[in-house]
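The sequence shown maps to residues 1357 to 1421 in my numbering.
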Amino acid sequence: MDIQPWRKSSYSGDAANNCVELARIPDAILLRESDEPGTVIATTPAALRALTRAVRAGRFDQLSR
């Protein structure tokens, strides 16, 4: 499988092990937590866009209370 380099948000800073990392493969986007790099989930670009839009819109804010 041809995995592109793992990337993290510039907002994560230089601290290790506290961010979500993303990588691309031909038909999917891979996500992992930097402190658990062996656990990887795959999603489609469209599903990731929908999740990102929902997070930005605050649709999950009640879960943090």
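Ideal placement from N, C-alpha and C gives every residue a C-beta, glycine not left out.
Rounded separation between residue 1383 and residue 1401 - CA only: In the sequence shown, counting from the first residue as 1, residue 1383 sits at position 27. In the sequence shown, counting from the first residue as 1, residue 1401 sits at position 45. Across the structure, residue 1383 and residue 1401 are spaced so that their CA atoms are roughly 8 Å apart.
As assigned by DSSP and simplified to three states, the class of residue 1422: Not covered by the structure: residue 1422. The range shown for the chain is 1357 to 1421.
Reduced DSSP secondary structure (H/G/I, E/B, other) of residue 1400: Here residue 1400 refers to the residue found at position 44 when the sequence shown is read from its first residue. Three-state result, residue 1400: coil.
Cβ pair residue 1395, residue 1385 closer than 8 Å: Within the sequence shown, residue 1395 is the residue found at index 39, counting from 1. Within the sequence shown, residue 1385 is the residue found at index 29, counting from 1. Result no, Cβ atoms of residue 1395 and residue 1385 do not sit closer than 8 Å.
Euclidean distance between Cα positions of residue 1420 and residue 1414: Start at 1 with the first residue of the sequence shown, and residue 1420 comes out as number 64. Start at 1 with the first residue of the sequence shown, and residue 1414 comes out as number 58. Using only the alpha carbons, I get a separation of about 11 Å.
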